[in-house]
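What follows is one structure encoded as structure tokens, with my remarks underneath.
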Amino acid sequence: MKLEHQFLRVPFEHYKKTIRANHRTAEKEVSAVISSVADVADSNEISKDDAVLSLTSLVSRLQGLKRKLEEGSRTENLQVQNCRARLDHLESVDAENLSEWNNVRFKRILVDYMLRMSYYDTARKLAESSKIEELVDLEVFQEAKKVVDALKNQEVGPALAWCAENKSRLKKSKSKFEFQLRLQEFIELVRAENYMRAILYARRYLAPWGATHLKELQLVMTTLAFRSNTECTKYKVLFEPKQWDFLVDQFKQEFYKLHGMTLEPLLNIYLQAGLSALKTPCCFEDGCTKEDPLSQENFRKLAMPLPYSKQHHSKLVCYITKELMDTENPPQVLPNGYVYSTKLDPCFSENIKIDKIPVSKCQAGFFNHVLCCRLSKKWPRKTMVKLHVRGPVWSAIILTWLRPISHKTTLSTLQR
Numbered sequence: 001m002k003l004e005h006q007f008l009r010v011p012f013e014h015y016k017k018t019i020r021a022n023h024r025t026a027e028k029e030v031s032a033v034i035s036s037v038a039d040v041a042d043s044n045e046i047s048k049d050d051a052v053l054s055l056t057s058l059v060s061r062l063q064g065l066k067r068k069l070e071e072g073s074r075t076e077n078l079q080v081q082n083c084r085a086r087l088d089h090l091e092s093v094d095a096e097n098l099s100e101w102n103n104v105r106f107k108r109i110l111v112d113y114m115l116r117m118s119y120y121d122t123a124r125k126l127a128e129s130s131k132i133e134e135l136v137d138l139e140v141f142q143e144a145k146k147v148v149d150a151l152k153n154q155e156v157g158p159a160l161a162w163c164a165e166n167k168s169r170l171k172k173s174k175s176k177f178e179f180q181l182r183l184q185e186f187i188e189l190v191r192a193e194n195y196m197r198a199i200l201y202a203r204r205y206l207a208p209w210g211a212t213h214l215k216e217l218q219l220v221m222t223t224l225a226f227r228s229n230t231e232c233t234k235y236k237v238l239f240e241p242k243q244w245d246f247l248v249d250q251f252k253q254e255f256y257k258l259h260g261m262t263l264e265p266l267l268n269i270y271l272q273a274g275l276s277a278l279k280t281p282c283c284f285e286d287g288c289t290k291e292d293p294l295s296q297e298n299f300r301k302l303a304m305p306l307p308y309s310k311q312h313h314s315k316l317v318c319y320i321t322k323e324l325m326d327t328e329n330p331p332q333v334l335p336n337g338y339v340y341s342t343k344l345d346p347c348f349s350e351n352i353k354i355d356k357i358p359v360s361k362c363q364a365g366f367f368n369h370v371l372c373c374r375l376s377k378k379w380p381r382k383t384m385v386k387l388h389v390r391g392p393v394w395s396a397i398i399l400t401w402l403r404p405i406s407h408k409t410t411l412s413t414l415q416r
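Each residue of the sequence shown is one higher than the last, beginning at 1 in the UniProt record's numbering.
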């Protein structure tokens with residue numbers, strides 16, 4: 001249920017944010033109106049007509065506040081409905097509709113991944129076609145999209161506005177995202193050769209961070225001497241375009257933290273849970289079978305930090321049938337060292353000639369001979385040796401098609 005934590009927390013945090021924004025708006029407007037009324041009441045020189053005009057203006061202002069609060073109330077009600085819909089969704093799971101519920105869950109995970117990867121339009125279309133708009137965070141990520149798009153266009157304004165809006169929470173989490181934005185804005189002034197403006201900017205916006213981020217501040221200030229065309233690696237990297245990509249990634253991380261989301265996409269987390277049960281030393285060898293998900297480079301990257309699957313006993317899998325080889329289906333070793341399951345041999349009649357069997361079928365009976373497809377060589381059947389499976393193996397799944405073994409070898413010699 002920890003993975004479903006953000007499913008409930010994100011809309012709740014969004015709801016709290018809306019309440020705070022509406023409260024600040026009402027408090028600000030009411031305070032301004034009360035102050036204006038007090039000024040009119042205390043003024044002895046104001047005429048009756050001016051007083052009426054001023055009060056009429058204040059009434060219009062209060063009417064505008066009323067419209068804002070009504071709109072804010074509607075937004076709050078929609079967000080409450082989203083929270084209620086998600087609670088109902090979690091409570092609706094049972095044995096009868098488990099398959100349907102898991103299907104909805106899978107689509108939620110896909111939408112979450114698309115939103116995190118900035119595929120907003122695709123995510124919205126999937127949510128609308130699946131009718132799960134209330135179960136995904138489209139509106140929350142729409143807010144993030146404005147900042148991400150601005151940073152990709154090398155603009156820090158929306159990101160700084162977002163920092164100001166969430167200043168107290170960012171300060172509580174000891175975030176330095178605003179500082180990094182200020183540094184980048186300083187770098188852009190140096191790049192444009194506005195050195196005096198850059199110095200004034202540093203005094204106003206960077207100096208307050210000196211107590212906590214002195215080293216980074218000193219490094220960036222040195223760019224005034226090295227300039228943007230420097231070949232010194234230490235300072236050249238500060239002017240590279242990838243700094244904006246770093247800011248995009250940093251914003252996403254801060255955004256996820258503020259809304260109680262996992263830092264990794266849910267899709268990656270669920271995939272890693274499955275890959276951890278499949279990961280073995282053999283998965284990273286060149287001969288890894290294509291049927292193994294870990295033969296794919298993207299899956300290997302996901303599985304890299306994961307531990308190997310814990311296997312108390314070895315498992316031999318037939319190269320052809322992909323069936324488990326055990327006491328009921330014992331493995332047999334050819335003189336060339338390749339291993340096949342016993343069930344494979346009867347699959348081909350001895351009346352079928354070898355030249356009529358495609359090599360891709362790998363092994364066929366031909367009178368008293370067998371054919372090994374990997375070497376396209378025929379061997380007398382009597383030379384096949386049954387491999388006895390015994391003893392626990394510390395390694396995970398041993399895939400026998402990775403390398404040949406001696407026909408005298410037993411599984412106990414493969415222990416690691």
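Note that CB positions come from ideal geometry on N, CA and C, so glycine has one too. The structure presented is a predicted model; accordingly, all values stated were derived computationally and were not measured.
Residue environment, residue i, which counts as buried when at least 16 other CB atoms sit within 10 Å
i    : result
G391 : At G391, the pLDDT of 49 sits below 50, so the modelled position is not reliable; the number obtained from the coordinates is stated separately. By the 10 Å Cβ count, G391 comes out exposed.
A164 : exposed
L266 : buried
E185 : buried
I352 : For I352, the predicted structure reports a pLDDT of 35, less than 50, and the residue's modelled location is therefore unreliable. A value from the coordinates is still provided. Exposed is the call here.
V52  : exposed
M114 : buried
V37  : exposed
Q296 : exposed
F177 : buried
F141 : buried
F299 : buried
P346 : For P346, the pLDDT reaches just 47, beneath the cut-off of 50, and the residue's location in the model is therefore unreliable, leaving the point undetermined.
S175 : buried
R20  : exposed
Residues near residue i in its chain [Cβ-Cβ closer than 8 Å; skip 5 each side]
i    : result
C232 : F226
L263 : Q253, Y256, K257
L3   : T262, L266, I269, Y270
V40  : I46, A51, S54, L55
K343 : C318, T321, E323, N329
K172 : none
R169 : L258
R191 : S228, F239
Close-in-space but distant-in-sequence residues of the same chain around residue i (CB under 7 Å, 5 per side omitted)
i    : result
V147 : P158, A159, W162, F251
Q154 : W244
E13  : H259, G260
S189 : One detail in the question is off: residue 189 reads as Leu in this sequence, not Ser. For L189, where only same-chain residues beyond five positions count, the Cβ hits under 7 Å are R197, A198, Y201.
Y235 : T222, T223, F226
S309 : S276, A277, L278, K279, T280, A396
R61  : E29, V33
V156 : L181, Q184, E185
Y15  : E76, Q79, V80, C83
Contact belief for residue i with residue j at Cβ below 8 Å, rounded distance in angstroms
i           : j    : result
K279        : L316 : About 18 Å separates the two Cβ atoms, so there is no contact after all.
I109        : Y270 : 7 Å
residue 419 : L69  : A question about residue 419 goes unanswered here, because the residues of the chain that appear run from 1 up to 416.
Y120        : K152 : That belief does not hold up - the Cβ atoms of Y120 and K152 are roughly 13 Å apart, past 8 Å.
D112        : V93  : Their Cβ separation, rounded to whole angstroms, is 18 Å, which puts D112 and V93 out of contact at 8 Å.
V341        : E323 : Residue identity check: residue 341 is Ser in the sequence provided, not Val. With 8 Å as the limit, S341 and E323 qualify as a contact, their Cβ atoms being about 6 Å apart.
K386        : Q311 : The pair is not a contact, with the Cβ atoms about 23 Å apart (cut-off 8 Å).
T18         : Q79  : 6 Å
L219        : G210 : Not a contact, Cβ separation roughly 12 Å.
Same chain only: Cβ atoms within 6 Å of residue i, ignoring 5 sequence neighbours per side
i    : result
M261 : Q6
N82  : P11, E134
A150 : P158
I187 : L238
Y205 : R182
Neighbour flag for residue i against chain D, beta carbons, 7 Å
i   : result
L78 : Structure shown: chain D not included; a single protein chain is present.
Quick check: the segment 77 to 97 against the segment 7 to 26, are there 3 or more CB pairs under 8 Å?
yes
List, from N- to C-terminal side, the alpha helix (DSSP H) runs of 4 residues or more that fit wholly inside the segment 224 to 262.
233 to 236, 242 to 258
In chain order, what are the residue ranges of uninterrupted alpha helix (DSSP H) at least 4 long that sit wholly in the segment 109 to 134?
120 to 130
Is there contact between the segment 69 to 79 and the segment 122 to 132, where contact requires at least three CB pairs shorter than 8 Å?
no
Segments of 4+ residues assigned as alpha helix (DSSP H) that fall wholly inside the UniProt domain "CTLH" (140 to 197):
157 to 165, 167 to 172, 177 to 191
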